[in-house]
DNA sequence: CCATGTTAGACAGTAGAGGTATCCAATGAC
DNA sequence: GTCATTGGATACCTCTACTGTCTAACATGG
């Protein structure tokens, strides 16, 4: 199909698609001549994936590019994809010592040790450099500085529930043969399911709050 | 304390604090004269909370303002806070019929019904207009259009785990007396724990993936 | 062969978010 | 009296995610 047809079928404007091509989110089409290119259903799928990641999940264009790049790069190696590539997709990766405030509860290196100890205690096999470890440590440091500290003991039951959630996630990948299909599904489930899980948690919170106050 | 001291103690620049005051994220200090104002520890706490919400969690300034506003408004009514105010803090609230693409898997009104049915099946007591219902429905619609549909049956075990997560969350609020303290703690735990829970899930995914591939 | 439509590529422009910088007159501390 | 600080106002800046316009080269239907 032509670029204009790709645009019509995806609901994404031609200029925006050109922008994604420029930014390397979408691979170029098969060039038929200097002024003609053909796109296939893979492009349409990819485009829908891009819109879901940026729109529904709210990822930035550059994060989306990195994610899609990791998808191509580690084809067949679902470990690297789950553990490293999808490891941290928060707002900021906070690289380097940026000189935090003097008084603000000493940068969470203590939390990093706590996280490593937790992972150890759980018996999890997780790469030492997994970015999610850092994300977790940062969040704990932040919670502590706000006066709501969570130690290993408090975190452990959450971790056990995360374990079971992850098992459900991996179950969803069963029965898929094609490797690239598995990889894409893994990305979709890991990243796009996040808003759904958070929404479920909020609904459950409201319910639980209602149940506990029912005695009043 | 003075504005400059508040700045020094929080690590946030004076201009940025002024910006937050302008935007209504931080309440004004006690005005001593036309050119003198005093801030207390509440301001410092609030400021740290703002930085945590925008920095760690990545919320926008306007979302943060809404959240903090809800905190003041519903003091004492933890229901409204959990169910309605914190209901949807995703990237976009998608208000109104914005004319989605022609071909893109018919806007998820079917998903909305599915969500309502799920909540019903679970026996959850949740406000009909809870924004998290919409968030959930949108995510499901998006997953379906990407060829990875999750129906009620697949979602149910996730919901049961969310239930237990919410119970842990509410446990954290036990033993707190002061109402405004409970409210702030609820907000912090609901919103700031999110990155931590997602990080735990990703670590657990890597572990589970390693476990399942251990036979190879 | 010509009118019309489409393409890649280049580049400028835009709107919103999240600050940052500067100036101001008033005022408090020393 | 001098100097730092304040609230208030306004201008400016950087980044992100697009959007618009232009050009020269084709393609396609009549």
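Chains as they are written, first to last, in UniProt numbering: chain B, 1 to 216; chain H, 1 to 216.
We treat Cβ as the ideally placed atom computed from N, Cα and C, and that holds for glycine.
For residue i, collect the residues of the same chain with a Cβ closer than 7 Å to its Cβ; drop the 5 residues on either side in sequence, then sort them by chain order.
i              : result
residue 19(H)  : none
residue 76(H)  : 179
residue 132(B) : 87 and 88
residue 33(B)  : none
residue 44(B)  : 6, 9 and 10
residue 78(B)  : 182, 183 and 186
residue 31(B)  : 37
residue 143(H) : 149 and 150
residue 51(B)  : 12
Buried or exposed for residue i, please, with buried defined as at least 16 other CB atoms from any protein chain shown within 10 angstroms of its CB.
i              : result
residue 156(B) : exposed
residue 36(H)  : exposed
residue 214(B) : exposed
residue 209(B) : buried
residue 115(H) : buried
residue 199(H) : buried
residue 203(B) : buried
residue 176(B) : exposed
Hey, is residue i's beta-carbon within less than 8 Å of any beta-carbon in chain H?
i              : result
residue 79(B)  : yes
residue 71(B)  : no
residue 127(B) : yes
residue 149(B) : no
residue 210(B) : yes
residue 153(B) : no
residue 145(B) : yes
residue 97(B)  : Confidence at residue 97(B) is low in this model, with a pLDDT of 39, below 50, so the placement of that residue should be treated as unreliable; the coordinate-derived value is given next. Judged by the 8 Å Cβ criterion, residue 97(B) is not in contact with chain H.
residue 5(B)   : no
residue 46(B)  : no
residue 295(B) : Past the edges of chain B, shown from 1 to 216, lies residue 295(B), and the structure says nothing about it.
residue 156(B) : no
residue 114(B) : no
residue 30(B)  : no
Might you give, ordered along the chain, the residues of its own chain that have their beta carbon closer than 8 Å to the beta carbon of residue i, omitting 5 neighbours on each side?
i              : result
residue 253(H) : With chain H covering only 1 through 216, there is no way to say anything about residue 253(H).
residue 207(H) : none
residue 165(B) : 197
residue 127(H) : 83 and 84
residue 4(H)   : 14
residue 67(H)  : 53, 59, 85, 86, 89, 187 and 191
residue 102(B) : Because residue 102(B) sits at a pLDDT of 43, beneath the cut-off of 50, its placement in the model cannot be relied upon, and the point is left open.
Is any beta-carbon of chain B found at less than 8 Å from that of residue i?
i              : result
residue 175(H) : no
residue 20(H)  : no
residue 27(H)  : no
residue 37(H)  : no
residue 108(H) : no
residue 167(H) : yes
residue 2(H)   : no
residue 182(H) : no
residue 204(H) : yes
residue 200(H) : yes
residue 101(H) : Confidence at residue 101(H) is low in this model, with a pLDDT of 47, below 50, so the placement of that residue should be treated as unreliable; the coordinate-derived value is given next. Interface residue, yes.
residue 64(H)  : no
residue 217(H) : One cannot answer for residue 217(H) here, as it falls past the ends of chain H, which runs 1 to 216.
residue 14(H)  : no
residue 135(H) : yes
Look at the Cβ atom of residue i, then the Cβ atom of residue j, and state whether they are nearer than 8 Å.
i              : j              : result
residue 108(B) : residue 141(B) : yes
residue 53(H)  : residue 64(H)  : yes
residue 125(H) : residue 211(B) : yes
residue 83(H)  : residue 130(H) : yes
residue 159(B) : residue 122(B) : yes
residue 169(H) : residue 172(B) : no
residue 56(B)  : residue 23(B)  : no
Just to confirm my understanding: we take residue i, look at its own chain, exclude 5 residues before and 5 after, and list those with CB closer than 6 Å. What are they?
i              : result
residue 90(H)  : 135
residue 39(H)  : 1, 6 and 29
residue 111(B) : 137, 140 and 141
residue 117(H) : none
residue 174(B) : none
residue 41(B)  : none
- Task: Examine the Cβ distances between the stretch 189 to 204 of chain H and the stretch 142 to 155 of chain B and report whether three or more of them are shorter than 8 Å.
- Result: yes
- Query: On the three-pair Cβ rule with 8 Å, is the stretch 67 to 83 of chain B touching the stretch 182 to 191 of chain B?
  - Reply: yes
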